[in-house]
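Colleague: One structure, as structure tokens, below. Some questions next.
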Amino acid sequence: KPGAGGMPVGTNGHAMLLISGGIDSPVAGHMIAKRGVRISAVHFYSYPYTSERARDKVVELTRILASYAGDVTLYLVPFTEIQLAIHEKCPKSETTVLMRRLMMQIAEKLALACGAQALVTGESIGQVASQTVESLIVTNDAVTLPVFRPLIGFDKEEIVNRAKAMGSYETSIQPFEDCCTVFVPQHPVTRPKLEEIRKSEAMVDFSQMIETALARTERLAIE
29 KPGAGGMPVG TNGHAMLLIS GGIDSPVAGH MIAKRGVRIS AVHFYSYPYT SERARDKVVE
89 LTRILASYAG DVTLYLVPFT EIQLAIHEKC PKSETTVLMR RLMMQIAEKL ALACGAQALV
149 TGESIGQVAS QTVESLIVTN DAVTLPVFRP LIGFDKEEIV NRAKAMGSYE TSIQPFEDCC
209 TVFVPQHPVT RPKLEEIRKS EAMVDFSQMI ETALARTERL AIE
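Below, the structure is given as structure tokens:
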């Protein structure tokens, strides 16, 4: 039977993983850890639109990841105020890409505070509306840290197979909402234009909301 392969964790820098309750992000974390990168993780929740069970699910997924990657610090960020502001004050078709930009900005602040040198996501090209090439370009514009996407060229079947192999799949498919699945627009923009998205984002002063979310962030040590 083949061994785990890869490089010792911690020999190749430190990155912040954006982890949802889905199938993709734990696999992305596993793949980047396999290349020797130490992992911290951030999860965004929107209580009461997301439940305590959804939070517990993410903690368990992080625990599974930690069984491969070593101890992982998990940051739980309250995102309700920001998500409601986007939903109520910005163009409906742009809510998903705006949400992703705000998540990236918060993740970058946490990454810089803990010494992480890059962000990691579970995105792959064309899987959903927010993962077209145009959408990924607009998302990248929100931050200055590099964004690693280990799954970028994988199809869903390949990702599912890797999730099953690492033991995260059965937890990921538990049917609890996460903030990426609430307030989803009926007709999301798939080819966003950067200047239009920047203009929409400027319609709301998010700076204080971001600081409030960071101040209320919970930090867990997952072994």
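Numbering-wise (my numbering), the sequence shown opens with residue 29 and increments by one. Virtual Cβ for every residue (Gly too), placed ideally from N, Cα, C.
Can you list, in chain order, the residues of its chain whose CB lies under 7 Å from that of residue 251, leaving out five sequence neighbours each side?
Modeller: Translated into positions along the sequence shown, residue 251 becomes position 223. Cβ neighbours of residue 251 beyond the five flanking positions: 94 and 99.
Colleague: What separation, rounded to the nearest whole angstrom, lies between the Cα atoms of residue 63 and residue 193?
Modeller: In the sequence shown, counting from the first residue as 1, residue 63 sits at position 35. In the sequence shown, counting from the first residue as 1, residue 193 sits at position 165. Approximately 17 Å between the Cα atoms of the pair.
Colleague: Would you mind working out which of 191, 230, 242 and 83 sits nearest residue 117, comparing C-alpha positions?
Modeller: Sequence index remark: in the sequence shown, residue 117 carries index 89 (1-based). The option with the nearest alpha carbon to residue 117 is 230.
Colleague: Within a Cβ cutoff of 6 Å, which residues of the same chain sit near residue 168, ignoring the five residues on either side of it in sequence?
Modeller: Numbered from its first residue, the sequence shown carries residue 168 at position 140. If we look at residue 168 and ignore the five residues flanking it on each side, its Cβ neighbours are 175.
Colleague: What's the gap between the Cα of residue 154 and the Cα of residue 235?
Modeller: The residue given as residue 154 occupies position 126 in the sequence shown. The residue given as residue 235 occupies position 207 in the sequence shown. So the two alpha carbons sit approximately 30 Å from each other.
Colleague: Do you know offhand how far residue 133's Cα is from residue 41's?
Modeller: Working through the sequence shown from its first residue, we reach residue 133 at position 105. Working through the sequence shown from its first residue, we reach residue 41 at position 13. Going by the C-alpha atoms only, they are around 20 Å apart.
Colleague: Where do the ends of the alpha helix (DSSP H) carrying residue 61 lie?
Modeller: One-based indexing of the sequence shown puts residue 61 at position 33. Unbroken alpha helix (DSSP H) run through residue 61: 52–62.
Colleague: In whole angstroms, what is the alpha-carbon distance linking residue 106 and residue 244?
Modeller: Stepping through the sequence shown from its first residue, residue 106 is reached at position 78. Stepping through the sequence shown from its first residue, residue 244 is reached at position 216. C-alpha separation (whole angstroms): 7 Å.
Colleague: Helix, strand or coil for residue 91, going by three-state DSSP, please let me know.
Modeller: Residue mapping note: residue 91 aligns to position 63 of the sequence shown, counting from 1. If DSSP states are grouped into helix, strand and coil, residue 91 belongs with the helices.
Colleague: Assuming residue 134 is part of the alpha helix (DSSP H), what are its boundary residues?
Modeller: What you label residue 134 is simply residue 106 of the sequence shown in a count that begins at 1. Where residue 134 is concerned, the enclosing alpha helix (DSSP H) stretches over 123–142.
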